[in-house]
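A quick write-up on the structure given underneath.
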Amino acid sequence: MRGKRFYLVGYRIAASALVTLTMLIQSYKYEIFGTTLLLGWDSPAYVWMAKYVIDRGPLNMVHMWSYPNLYVHLLAFFGYLTGNLVMIERILPILFGFILIRVKETFTWEDKINQYLRLYENNMSQKRSSFGLSSDEKKCYRDYLTKTCNEGNLVKGRRIEIVEG
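Numbered per numbering that gives the first Met the number 0, the sequence shown spans residues 0 to 164.
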C-alpha cells in the first residue's frame, strides 16, 4: 500500500506542476506580466466586487446581494491584507486548483482502500463459509474487523463488537 500512496503523491506533484505551467504559459502568451490585466473572463468582475466588499463592508454586501459570494469575500480579505487585489486574484485560483487536486487524490486513495477492504472481507467470508477458519485466523479476522469498524466506519455512533458464533 505504501508504494501505491507514493504514486498518488507523484500524481499530486505532477498535476500541480501542470496547473502552474499552464497558468504561466497563458500569462506569457497574453503578455500580462507587469500589467494589471487578468487571465479569465470573470476575473475583473471578481476584483470589482471585492473592491466593493472592502469599501462597503462584508455584511452590507451580503445583505445587498442576498448571497454570500464566498470567493469574493476571500479575495477581498486577502486583498485587504496585502493591498493588491490583482496579485491575489492571480494566486487564489491556483491555490484552489492545488486544493482540488489534493481532495481528488484523497478521494481516490480512500476509494481504493475501501475497494481492497471489500475484496478482503469477501475473500475471508468465502474462506469461512467453504473451508472454515482456524482459531488463529478467526481471531485475526475478528480483531481486524473490530479495529476497522471502530476506527473509521462507525455505524450511527455505536461501537461494533464481533461475537464469535
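Think of the CB as a built atom: it goes at the ideal place given N, C-alpha and C, for glycine as much as any other residue.
Listed in chain order, the alpha helix (DSSP H) elements of length 4 or more contained wholly in the stretch 17 to 104 are 42 to 55, 57 to 64 and 69 to 81.
Here A49 is not near L20, since their CB atoms are 8 Å or more apart. Contact check between the stretch 29 to 44 and the stretch 97 to 109: fewer than three CB pairs, one atom from each, fall below 8 Å, which does not count as touching. Within the same chain, and ignoring the five residues on either side of S26 in sequence, the residues whose Cβ sits closer than 7 Å to its Cβ are F32 and L38. Excluding sequence positions up to five before and after T81, its CB lies within less than 8 Å of the CB of I87, all in the same chain and listed in chain order. Cβ neighbours of I53 within its own chain (closer than 6 Å, five residues either side excluded): A75 and Y79. W64 has its alpha-carbon roughly 26 Å from the corresponding atom of G96.
When the beta-carbon positions are compared, V18 and I93 come within less than 8 Å of each other.
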